[in-house]
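**Student:**
Numbering (this note's numbering), first residue to last: 9 to 332.
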């Protein structure tokens, strides 16, 4: 199996006109904002689907399981796709896959079956994964290697901005009607009609997102010839990279990231329901959902503070301090 080498053979970024570099940089920043927004919007989708389908917390968290399982499945194929067709075309493929996943919420709503929503989320996440695999190495190409760190930090800021803005807007669009009707007072037919209407809120929201993504994909397609380079494909057995797990620091670092992401995602996913409990803050669903934006906003602030502190302190010391 071919393995991607993210270094680009024969690429001279100085040959790219400044205007081209700026346009491509804006495009990459937009990608970071988009996939950050869609990822954190799951935190609003979890309580919505939990309410609609009367799910347990375990069942509701399948939303995140379906989404992040796509990272495991699609990351390597995405890298191979980039090696075959280049960064820009792979970005278009990823964006269109994301749009397809969003549009699949329409038949999912019509079916009124929870597994169909999970399927739509998985397809959406495959597209998100592809776009992420494109965005990180592409950004490093758009300028001198000495300033790649600052560009990546700025891009992560756009990602964090997306994770902050999306839950707030999503709470208004998706959770706003949950506290408007007392379902215990509805007849069975009225309840069915209410649930169908509530589910349509999800499909309408994601259909709008699909339209925006398609517009971005069109812009990227029109700019596809602005970057001629593509990563080299080397003949390596990808399974050989598993030997890295034999290195203690690498293995422990991977385990730390695994646990950190699990904790981060779980907190955001359960926060809305937790804040609506009478024993906590007893907030309305929409207001509780807006509080998720504060959670991700804190992560955004932490990223910028961490970036500044890393200039003065060693990563090991900062990691140990943050873990205590």
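C-beta atoms are modelled at their ideal positions from N, C-alpha and C, and glycine is treated no differently.
With a cut-off of 8 Å on the beta carbons, I'd call residue 131 and residue 171 a contact; round off their distance for me.
**Tutor:** Their Cβ separation, rounded to whole angstroms, is 21 Å, which puts residue 131 and residue 171 out of contact at 8 Å.
**Student:** Please report how far the alpha carbon of residue 266 lies from the alpha carbon of residue 289, in whole angstroms.
**Tutor:** Roughly 30 Å separates the two Cα atoms.
**Student:** With a 10 Å radius around its C-beta and 16 neighbouring C-beta atoms as the bar for buried, classify residue 233 as buried or exposed.
**Tutor:** By the 10 Å Cβ count, residue 233 comes out exposed.
**Student:** How close, in whole Å, do the beta carbons of residue 142 and residue 90 come, if the pair is a contact with beta carbons under 8 Å?
**Tutor:** The Cβ separation is near 6 Å, so the contact holds.
**Student:** Helix, strand or coil for residue 69 per DSSP?
**Tutor:** Of the three classes helix, strand and coil, the one that applies to residue 69 here is coil, per DSSP.
**Student:** Please return the same chain residues whose Cβ sits closer than 6 Å to the Cβ of residue 211, not counting the five positions on each side in sequence.
**Tutor:** Excluding positions up to five away in sequence, the list reads 113, 114 and 117.
**Student:** Note down the Cα distance separating residue 275 from residue 202, rounded to an integer number of angstroms.
**Tutor:** Distance between the alpha carbons of residue 275 and residue 202: 29 Å.
**Student:** Looking only at C-alpha atoms, which of 144, 138, 135 and 109 sits nearest to residue 127?
**Tutor:** Considering only alpha carbons, the answer is 109.
**Student:** Is residue 30 helix, strand or coil when you go by DSSP?
**Tutor:** The answer is helix: DSSP assigns residue 30 an H, G or I state.
**Student:** Under a three-way DSSP split, which group does residue 151 fall into?
**Tutor:** Reduced to three states, the DSSP call for residue 151 is coil.
**Student:** CB-CB under 8 Å to residue 308, same chain, minus the five flanking residues each way: which ones, in chain order?
**Tutor:** So the qualifying residues of the chain are 165, 168, 169, 171 and 172.
**Student:** Could you give the distance in angstroms between the alpha-carbon of residue 111 and the alpha-carbon of residue 119?
**Tutor:** Those two C-alpha atoms are separated by around 14 Å.
**Student:** Less than 8 Å separating the beta-carbons of residue 129 and residue 297?
**Tutor:** Going by C-beta atoms, residue 129 is not nearer than 8 Å to residue 297.
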